[in-house]
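Student: Just add 17 to wherever you are in the sequence shown, counting from 1, and you've got our numbering.
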Amino acid sequence: MITISDNKFNERGSRLGEFVLFQKLFEDYFRSLVTYSYRYVNDWSVGEDIVQDVFMALWINRDKIDFEEPIKPYLYRATYNRSINYLNSVSVQRRVDHADMLDELIDREILSYNQHDNLLLKEIEEEITSFVGTLPEQRKRVFLLSREENLKNKEIALRLNISEKAVEKHITKALSDIRTHLTETGLMSGLICFLLNQH
């Protein structure tokens, strides 16, 4: 059975000898390791990338590795760890993407000025209208021009003689304030449920 110490990855042998040995390890274990990774990531090309990374790390760190154990368990353990790390990163990204999508839907609903038949949405609409009246004057004007007159940021900037960046900041802050208010009044959860049911 081949071991890392037997392979002398941690000794100062000839570079050619190291490379030939490394190539043999790659040929012997690559496919079985990809199959192993595939069990977790369910994507063959991702599994190939993961195993290539495992071997790349092994080659780069060959002078630092000093194991007396067989190399096979080391390779499988490294493949397992990288596969799980990949799944964790994908899971986090999916949560971020879902949160971003929900935020966009909420902002779109807040910005839309509609007469809703749904009683909950009517209540939310009335609450938004009431709260907008408490915003600082300039922020309120910008928000209402965007929401009720459907003006683009550039058009609002021209009308109010301010920069587009200032318009964007006012709208972003207004949306943030409204979200906070809806959360505090308990209406945000109802809005989220409605939006998720629609999509």
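Here a beta-carbon is modelled for each residue, glycine too, at the ideal position from N, C-alpha and C. Owing to the predicted nature of the structure, the values given are computational and were not obtained by experimental measurement.
#1: Tell me whether Pro87 sits in a helix, a strand or coil according to DSSP, three-state version.
#2: Sort Leu104, Asn167, Lys169 and Leu199 by Cα distance to Ser147 and report the nearest one.
#3: Does DSSP classify Asn178 as helix, strand or coil?
#4: Straight-line CA distance for Val159 to Asn167?
#5: For Glu144 and Thr151, I'd like the C-alpha separation in whole angstroms.
#6: Asp70 lies in the alpha helix (DSSP H); which residues open and close that run?
#7: Under a three-way DSSP split, which group does Thr146 fall into?
#8: From the DSSP output, in three-state form, read off Thr96 for me.
#9: Can you name the start and end residues of the alpha helix (DSSP H) that Leu162 belongs to?
#10: What does the alpha-carbon distance come out to for the pair Ser106 and Ser100?
#11: Taking Cβ to Cβ, would you say Val149 is nearer than 8 Å to Asn170?
#12: Would you decide whether Leu42 is buried or exposed? Buried here means 16 or more other CB atoms lie within 10 Å of its CB.
#13: Taking buried to mean at least 16 other C-beta atoms within 10 Å of its own C-beta, is Gly203 buried or exposed?
Tutor: Here's the rundown:
#1: For the purposes of this step, residue 87 is identified with residue 70 of the sequence shown, where counting begins at 1. In the three-state scheme derived from DSSP, where H, G and I count as helix and E and B as strand, Pro87 is classed as strand.
#2: Position 130 of the sequence shown, counted from the first residue, corresponds to residue 147. When only C-alpha atoms are compared, the closest one is Leu199.
#3: As a position in the sequence shown, residue 178 is number 161, starting the count at 1. Of the three classes helix, strand and coil, the one that applies to Asn178 here is coil, per DSSP.
#4: Against the sequence shown, residue 159 aligns to sequence position 142. Against the sequence shown, residue 167 aligns to sequence position 150. Near 11 Å, if we compare the C-alpha coordinates of Asn167 and Val159.
#5: If you number the sequence shown from 1, residue 144 lands on position 127. If you number the sequence shown from 1, residue 151 lands on position 134. Looking at the two C-alpha atoms, the distance is approximately 11 Å.
#6: Locating residue 70 in the sequence shown gives position 53, counting from the first residue. For Asp70, the enclosing alpha helix (DSSP H) has its first and last residue at Trp61 to Ile77.
#7: If you number the sequence shown from 1, residue 146 lands on position 129. Helix, per DSSP.
#8: For the purposes of this step, residue 96 is taken as residue 79 along the sequence shown, with counting starting at 1. Under the three-state reduction of DSSP, Thr96 is assigned to helix.
#9: Taking the first residue of the sequence shown as position 1, residue 162 is located at position 145. Here the alpha helix (DSSP H) through Leu162 covers Glu154 to Arg164.
#10: Position 89 of the sequence shown, counting from 1, holds the residue named residue 106. Position 83 of the sequence shown, counting from 1, holds the residue named residue 100. If I take the Cα positions, the gap works out to 10 Å.
#11: For the purposes of this step, residue 149 is identified with residue 132 of the sequence shown, where counting begins at 1. For the purposes of this step, residue 170 is identified with residue 153 of the sequence shown, where counting begins at 1. No, the Cβ-Cβ distance between Val149 and Asn170 is not below 8 Å.
#12: Residue mapping note: residue 42 aligns to position 25 of the sequence shown, counting from 1. By the 10 Å Cβ count, Leu42 comes out buried.
#13: As a first step, residue 203 is located in the sequence shown; it is residue number 186 there, counting from the start. The residue in question, Gly203, is exposed, as its Cβ has fewer than 16 Cβ neighbours within 10 Å.
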